[in-house]
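What follows is a short report on a single structure.
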Amino acid sequence: MRTLVIHTGSEHPALQYTLDFIRQHPLTREAGWLVAREPGTDASEIQLFYGAPLPENDDHFFIPAQGLCFGEPSVTRPLFANPYSFQDISVFSVEDYRQDNSRPLLQGNHFQFDLLEMIFFHISRYEEVFATAGQLNSSGWLAEEQHFLIRHQLQRQPVVDCLLACFWSAIQGQPVHLPTTYSLSHDIDFLYRYPTTVKLLRALAGAFVRGEGVSGLRYHWQRYRAIRRNQQPDPYDCFDWLLAPGTGWDKKTLYLMAGGETPYDNHYRIDDPRIRSLIGLARNRDYQLGLHPSYNAAFKPALFREEQAKLEQVYGKSVHNNRQHWLRWDWPTTPYIYGLQHIREDASMGYRHHLGFRAGTGFPYRLYDYQSQKAFDWRERPLALMDSAALHEADHTGIDPVALLNDFLQQNTGNSHISINFHNSNFDPALPHGQALADFYRRTILHLAG
Numbered sequence: 029m030r031t032l033v034i035h036t037g038s039e040h041p042a043l044q045y046t047l048d049f050i051r052q053h054p055l056t057r058e059a060g061w062l063v064a065r066e067p068g069t070d071a072s073e074i075q076l077f078y079g080a081p082l083p084e085n086d087d088h089f090f091i092p093a094q095g096l097c098f099g100e101p102s103v104t105r106p107l108f109a110n111p112y113s114f115q116d117i118s119v120f121s122v123e124d125y126r127q128d129n130s131r132p133l134l135q136g137n138h139f140q141f142d143l144l145e146m147i148f149f150h151i152s153r154y155e156e157v158f159a160t161a162g163q164l165n166s167s168g169w170l171a172e173e174q175h176f177l178i179r180h181q182l183q184r185q186p187v188v189d190c191l192l193a194c195f196w197s198a199i200q201g202q203p204v205h206l207p208t209t210y211s212l213s214h215d216i217d218f219l220y221r222y223p224t225t226v227k228l229l230r231a232l233a234g235a236f237v238r239g240e241g242v243s244g245l246r247y248h249w250q251r252y253r254a255i256r257r258n259q260q261p262d263p264y265d266c267f268d269w270l271l272a273p274g275t276g277w278d279k280k281t282l283y284l285m286a287g288g289e290t291p292y293d294n295h296y297r298i299d300d301p302r303i304r305s306l307i308g309l310a311r312n313r314d315y316q317l318g319l320h321p322s323y324n325a326a327f328k329p330a331l332f333r334e335e336q337a338k339l340e341q342v343y344g345k346s347v348h349n350n351r352q353h354w355l356r357w358d359w360p361t362t363p364y365i366y367g368l369q370h371i372r373e374d375a376s377m378g379y380r381h382h383l384g385f386r387a388g389t390g391f392p393y394r395l396y397d398y399q400s401q402k403a404f405d406w407r408e409r410p411l412a413l414m415d416s417a418a419l420h421e422a423d424h425t426g427i428d429p430v431a432l433l434n435d436f437l438q439q440n441t442g443n444s445h446i447s448i449n450f451h452n453s454n455f456d457p458a459l460p461h462g463q464a465l466a467d468f469y470r471r472t473i474l475h476l477a478g
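Residues in the sequence shown are numbered consecutively from 29, following the numbering used here.
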């Protein structure tokens, strides 16, 4: 392996965190490089200077220092994703001025924008942590339409991973390519289609609102009776084909709920016999188990702890995986709950209403703790492709959700990782896209990883 020595002239914790991220990134390993801060004795080492004066040697690489993120935090000035090109690939900066035309990423050995701050901006969720009051939605976090990548319509590509692929290709003078890998997960929000008569009444009301007429009302009533009499399978009980049997996935995780205190929770009991059967099936198919905390548990450590304990009691083992219900998140609270409760991996860093790479990368990594100015001990597995996000996006754009899902997969076949999430409750054939989603899942998703 060859070594790239990066001279920074700075000990800023955020900068060192970013270098660690690059050092551990799968594309760095694929390219066969080590990243060091001090030169050694190997004459084949490549030198890169970041914002520091260059010695009189045209062979050294240089990255300009912008001073946006590695200083006093500020999100008051507008930021822009300016286009740069490397060969036939477009990459995008994070800069405080607008550039209309694309420029080369590299001129000679000089990179033309601050690659390191661009990476840190995305992976640390800088814009979310330091969002101003006017940017927040009613729930208290940065509204999706305010996200930098969504504003620039770049959320569908892993901009950080793409940049690192170009970076290493430029350093070594030959392309770097890594086939996309995949992980699969399922959030079990509902266990039964009609657990109670109240649920039936809600289904009837929904059919009425959607304008399905008398035939729609009759359909739900007849199906309710058939399911209750065991004359027809419950459409939510699709676990036998939902849980993938293949071994080619990077990771497979089943997320279960275990309580709550709002109308968005408690749609089943964690000790339900069907849950015990589902856990057994998950074990047989090499799934890990994770907690899907209730609506308010992201903000209440005691509630999170209570639900984790309930799940562990049924599971018979410790639970170290987590994904927030509705992807709920509070930066001063949620990530610190994970440390207290020994969570090793979270998978909440995705969009609710868009397909895409919220953190600019699809690969698992450790988020930045702005309080201690170092990486958190637990790992984040960014969520990129979720069925309900495709449904929301379809409602907004008028594009078929299956087409959205398929296009996203086709656009991202290399140099990243795609974490996929499908719900058992979205395959109901009574839903407008239920059967089409089920067919797409069985025909395409289940075959992504063999």
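C-beta: ideal position from N, C-alpha, C; glycine also.
### Task
Please work out which residues of its chain come closer than 7 Å, Cβ to Cβ, to Phe49, disregarding the five sequence neighbours upstream and downstream, and give them in chain order.
On the sequence shown, position 21 is the one that residue 49 refers to. Closer than 7 Å at Cβ, skipping near neighbours: Ile147, Ile151 and Tyr393.
### Task
Work out the CA separation of Gln401 and Ser113 for me, nearest whole Å.
The residue you call residue 113 lines up with position 85 of the sequence shown. The residue you call residue 401 lines up with position 373 of the sequence shown. So the alpha carbons of these two residues sit roughly 33 Å apart.
#### Entry: Extent of the continuous alpha helix (DSSP H) to which Arg30 belongs
Along the sequence shown, one-based indexing puts residue 30 at 2. Here Arg30 belongs to no alpha helix (DSSP H); instead the beta strand (DSSP E) covers Arg30 to His35.
### Query
At which residue ranges does the stretch 106 to 130 contain complete beta strand (DSSP E) runs of 3 or more residues, listed in the order of the chain?
111 to 114 and 117 to 120
#### Entry: Cutoff 7 Å; reference Ser121; Cβ partners in own chain excluding five residues on either side
Counting from 1 along the sequence shown, the entry for residue 121 is found at position 93. Ala109, Asn110, Tyr112, Phe141 and Met146, listed in sequence order.
### Query
Expressed to the nearest angstrom, what Euclidean distance is found between the alpha-carbon atoms of Gln127 and Arg30?
The residue you call residue 127 lines up with position 99 of the sequence shown. The residue you call residue 30 lines up with position 2 of the sequence shown. Those two C-alpha atoms are separated by around 35 Å.
### Query
What are the boundary residues of the alpha helix (DSSP H) that includes Asn434?
Along the sequence shown, read from residue 1 onward, the residue named residue 434 stands at position 406. Element bounds for Asn434: Pro429 to Gln439.
#### Entry: Leu62 versus Thr56: straight-line alpha-carbon distance, rounded
Numbered from 1 along the sequence shown, position 34 holds the residue referred to as residue 62. Numbered from 1 along the sequence shown, position 28 holds the residue referred to as residue 56. One C-alpha to the other measures close to 8 Å.
### Task
Find the nearest neighbour of Glu155 within the set His353, Arg257, Arg386 and Glu421, judged by alpha-carbon distance.
For this step, residue 155 is matched to residue 127 along the sequence shown. The candidate whose alpha carbon is nearest that of Glu155 is Arg386.
### Query
Which residues in the same chain have their Cβ closer than 8 Å to the Cβ of His420, if we skip the five residues on either side of it in sequence?
Here residue 420 refers to the residue found at position 392 of the sequence shown. So the list reads Arg380, His381 and His382, once near-sequence residues are dropped.
### Query
Anyone know if the C-beta pair for Leu107 and Glu123 falls short of 8 Å?
Here residue 107 refers to the residue found at position 79 when the sequence shown is read from its first residue. Here residue 123 refers to the residue found at position 95 when the sequence shown is read from its first residue. The criterion of a C-beta distance shorter than 8 Å is satisfied by Leu107 and Glu123.
### Query
Where does Tyr398 fall in DSSP's three states?
Looking up residue 398 in the sequence shown gives position 370. In the structure shown, Tyr398 sits in coil (DSSP, three-state: anything other than H, G, I, E or B).
### Task
May I have the straight-line CA-CA distance separating Asn258 from Asn454, to the nearest angstrom?
Walking along the sequence shown from the start, residue 258 turns up at place 230. Walking along the sequence shown from the start, residue 454 turns up at place 426. Taking the straight line joining both Cα atoms gives about 21 Å.
### Query
At which residue ranges does the stretch 320 to 367 contain complete alpha helix (DSSP H) runs of 4 or more residues, listed in the order of the chain?
329 to 343
### Task
Work out the CA separation of Asn137 and Leu76 for me, nearest whole Å.
Taking the sequence shown and counting its residues from 1, one reaches residue 76 at position 48. Taking the sequence shown and counting its residues from 1, one reaches residue 137 at position 109. If I take the Cα positions, the gap works out to 9 Å.
### Message
Less than 8 Å between the beta carbons of Gln185 and Asn440, yes or no?
### Response
The residue you call residue 185 lines up with position 157 of the sequence shown. The residue you call residue 440 lines up with position 412 of the sequence shown. Cβ distance < 8 Å, so Gln185 and Asn440 count as in contact.
### Task
Could you tell me which of Cys266, Ala325, Phe267 and Gln316 sits nearest to Asn294, measuring between CA atoms?
Within the sequence shown, numbered from 1, the residue matching residue 294 stands at position 266. Asn294 has its Cα closest to that of Ala325, out of Cys266, Ala325, Phe267 and Gln316.
### Query
By Cβ distance below 7 Å, which residues in the same chain neighbour Leu355 in space, the five residues on each side in sequence not counted?
For the purposes of this step, residue 355 is taken as the residue at position 327 of the sequence shown. Hits under 7 Å: Ser376, Gly378 and Arg380.
### Task
Consult DSSP for Thr389 and reduce its assignment to one of helix, strand or coil.
Residue mapping note: residue 389 aligns to position 361 of the sequence shown, counting from 1. Of the three classes helix, strand and coil, the one that applies to Thr389 here is coil, per DSSP.
### Task
Name the one or two DSSP bridge partners that Val63 has.
Looking up residue 63 in the sequence shown gives position 35. Answer is Leu32.
### Task
Could you work out which residue in Ala272, Glu172 and Gln44 is closest to Arg313 when comparing CA atoms only?
One-based indexing of the sequence shown puts residue 313 at position 285. The option with the nearest alpha carbon to Arg313 is Ala272.
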